[in-house]
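**Student:** Have a look at this one before I ask anything.
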Amino acid sequence: MERRKFLKNSSLSAAGLVSAAALTSCNTEPKPINADISTPNPIKPIVVCTWNFFNATNKAWEVLNSGGNALDAVEQGVMVEEADETNETVGKGGRPDRDGNVTLDACIMDKDGNCGSVVCMQNIVHPVSVARKVMEETPHIILAGKGAEKFAYEQGFKKEDLLTESTRKQYEEWLKTSKYETTINIENHDTIGMLAIDENGDIAGACTTSGMAYKVAGRVGDSPIIGAGLFVDNEVGGATATGVGEEVIRTVGSFLIVELMRQGKSPQEACEEGVKRIMKKNEGRKDFQIGFLAINKNGETGGYCVHPGFTYREYSENGHVNREVTSFYE
Ligand code: SD4
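According to the numbering used here, the sequence shown holds residues 1 to 330 in order.
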């Protein structure tokens, strides 16, 4: 039997999951609380991403501007960074864990709430595309480690060494002290989270990273966790995060921001509230950075972070711009 059919027919089938969900769900339709959340003239298409990833947003814009859908746009956009060996926080060229292995996390989510994710996966340059295959070809959402890698080979992905000369040398240098820090300072992270609205007004998002440099083997951050590093609700908007994943997970950051927008907050206000919730649990702590980015159904965007320095790139018919965001600490 074809693998796809096998997976679809397995006892944990999509149909099974759907009916289980239907049984446990209430009968009310999930509608935006704020009824006037959409305007007659939304900005679309539009793409935004964490940090100043010029080439990635250009690629996504190319897809959107030629009539492509938001899902293809975010996948192809973030793939640019996964392939860029000079980005040492994403894909090939990402810094390894403390055992010297590059382990990648990524997820993707579409307008219908479908999502896929891979965590702690080695030897594959494009984890976001494997995540998309998990979403489209299996009844599951998350595949981890060796299982994710095996699945990737079955789907035709090629094995590739993700360490580069530069990251190998840095790792050898790090081994001399093996100083273990779970914090990320404000300069050394550039995970890409991307959100797009296509010309139909549909929203999709993707997020991909190699996580914290020299992390404990097996550590997974927020980036591949739906609701933490990324969340999309086609009725409301989307949000994504960068920074210390543990803190984003604790507040289910991206889901929180989308829900705050559902309740009527602007993307900017929602991101500010998201960071404030995190800081409330970390009173006085200044040794970590988090940046949130959000877009609503109207194509309005916003961002906020713990320390100054986080920016996001935006590309629409109004042009492309790198936006600096305000921060919790001056
Ligand atoms: C993580 N959020 O693994 C990621 C790290 C990050 O740029 O954003 N790096 O916790």
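For each residue, glycine too, the CB sits at the ideal point set by N, CA and C.
(1) Would you call the CB atoms of THR208 and PRO127 closer than 7 Å?
(2) Cutting at 8 Å between CB atoms, please list the residues of its own chain near GLU330, excluding the five before and the five after it.
(3) Given this structure, state the Cα-to-Cα distance separating THR28 from GLU235, to the nearest angstrom.
(4) What would DSSP say about GLY243, mapped onto helix, strand or coil?
(5) Going by DSSP, what residue range makes up the alpha helix (DSSP H) through GLY274?
(6) Buried or exposed: GLY227, going by 16 or more other Cβ atoms within 10 Å of its Cβ?
(7) Check whether the Cβ of SER254 sits closer than 6 Å to any heavy atom of the ligand SD4, and report yes or no.
(8) Could you work out which residue in ASN52, LYS44, PRO42 is closest to VAL321 when comparing CA atoms only?
(9) From which residue to which residue does the alpha helix (DSSP H) around ILE257 run?
(10) In chain order, what residues of the same chain have a beta carbon less than 7 Å from the beta carbon of GLU54, not counting five sequence neighbours either side?
(11) Let me check one thing: in DSSP terms, what residues is GLU109 bridge-paired to?
(12) Do LEU71 and SER210 have their C-beta atoms within less than 7 Å of each other?
(13) In whole angstroms, what separates the C-alpha of PRO45 from that of LYS276?
(14) Assuming ASP97 contacts LYS265 (C-beta within less than 8 Å), just tell me the rounded distance between them.
(15) Check ALA144 in the structure and name its three-state DSSP category.
(16) Use the C-beta contact count for SER223: other C-beta atoms within 10 angstroms, 16 or more gives buried, fewer gives exposed.
(17) For the ligand SD4, I want to know if ASP222 counts as a neighbour, meaning its beta carbon is within less than 6 Å of at least one of the ligand's heavy atoms.
(18) Should the stretch 120-135 be regarded as contacting the stretch 151-164, the criterion being three or more beta carbon pairs within less than 8 Å?
(19) Between which two residues does the alpha helix (DSSP H) containing PHE54 stretch?
(20) For THR311, which beta-bridge partners are listed by DSSP?
(21) Find the nearest neighbour of GLU246 within the set MET279, ASN58, VAL90, judged by alpha-carbon distance.
(22) Confirm the yes/no value for this check: CB of THR326, any heavy atom of the ligand SD4, distance under 6 Å.
(23) Taking the Cβ atom as the reference point for each residue, do VAL119 and GLU160 lie within a distance shorter than 7 Å?
(24) Where do the ends of the alpha helix (DSSP H) carrying TYR171 lie?
(25) Please work out which residues of its chain come closer than 6 Å, Cβ to Cβ, to ASP99, disregarding the five sequence neighbours upstream and downstream, and give them in chain order.
(26) Look up ALA152 in the DSSP assignment and say whether it is helix, strand or coil.
(27) Would you mind giving the Cβ-Cβ distance between VAL63 and MET194, rounded to the nearest angstrom? I have them listed as a contact below 8 Å.
(28) For LYS158, tell me which candidate among GLN122, ASN69, VAL78, GLU300 has the shortest Cα-Cα distance.
(29) Exposed or buried, ARG95, counting other C-beta atoms within 10 Å across all chains shown (16 or more means buried)?
**Tutor:** With the structure as the only source:
(1) In contact: THR208 and PRO127 (Cβ atoms closer than 7 Å).
(2) The residues PRO308, in chain order, have a CB closer than 8 Å to that of GLU330 in the same chain once the five nearest residues on each side in sequence are set aside.
(3) For THR28, the pLDDT reaches just 47, beneath the cut-off of 50, and the residue's location in the model is therefore unreliable, leaving the point undetermined.
(4) Correct three-state label for GLY243: strand.
(5) For GLY274, the enclosing alpha helix (DSSP H) stretches over residues 267-280.
(6) By the neighbour-count rule (16 or more Cβ atoms within 10 Å), GLY227 is buried.
(7) Checking the Cβ of SER254 against the ligand SD4 gives no.
(8) Minimum Cα distance to VAL321 is reached at ASN52.
(9) Membership of ILE257 in the alpha helix (DSSP H) is indicated by the continuous run 253-262.
(10) The displayed chain sequence assigns Phe, not Glu, to residue 54. Excluding five sequence positions before and after PHE54, the CB atoms of its chain that fall closer than 7 Å to its own CB belong to ARG313, given in chain order.
(11) Note that residue 109 corresponds to Met in the displayed sequence, not to Glu. Paired residues: CYS115, GLY205.
(12) No. Outside cutoff.
(13) Rounded to whole angstroms, PRO45 to LYS276 spans 30 Å at the Cα level.
(14) By a beta-carbon distance limit of 8 Å, ASP97 does not contact LYS265. Their separation comes to about 37 Å.
(15) Strand.
(16) Classification for SER223: buried.
(17) The answer is yes for ASP222.
(18) Cβ pair count under 8 Å is three or more, so yes.
(19) Run containing PHE54: 54-65, per the alpha helix (DSSP H) assignment.
(20) Within the DSSP secondary-structure output, THR311 pairs in a beta bridge with GLU324.
(21) It is MET279 whose Cα lies nearest to the Cα of GLU246.
(22) Result no, Cβ not under 6 Å from the ligand SD4.
(23) It is not a contact, given that the beta carbons lie outside the stated cut-off.
(24) Note, TYR171: alpha helix (DSSP H), 165-175.
(25) Result list for ASP99: ALA217, in chain order.
(26) Of the three classes helix, strand and coil, the one that applies to ALA152 here is helix, per DSSP.
(27) Rounded to whole angstroms, the Cβ separation of VAL63 and MET194 is 11 Å, and the two are not in contact under 8 Å.
(28) Here the closest residue by C-alpha is GLN122.
(29) Its Cβ being crowded by 16 or more others within 10 Å, ARG95 is buried.
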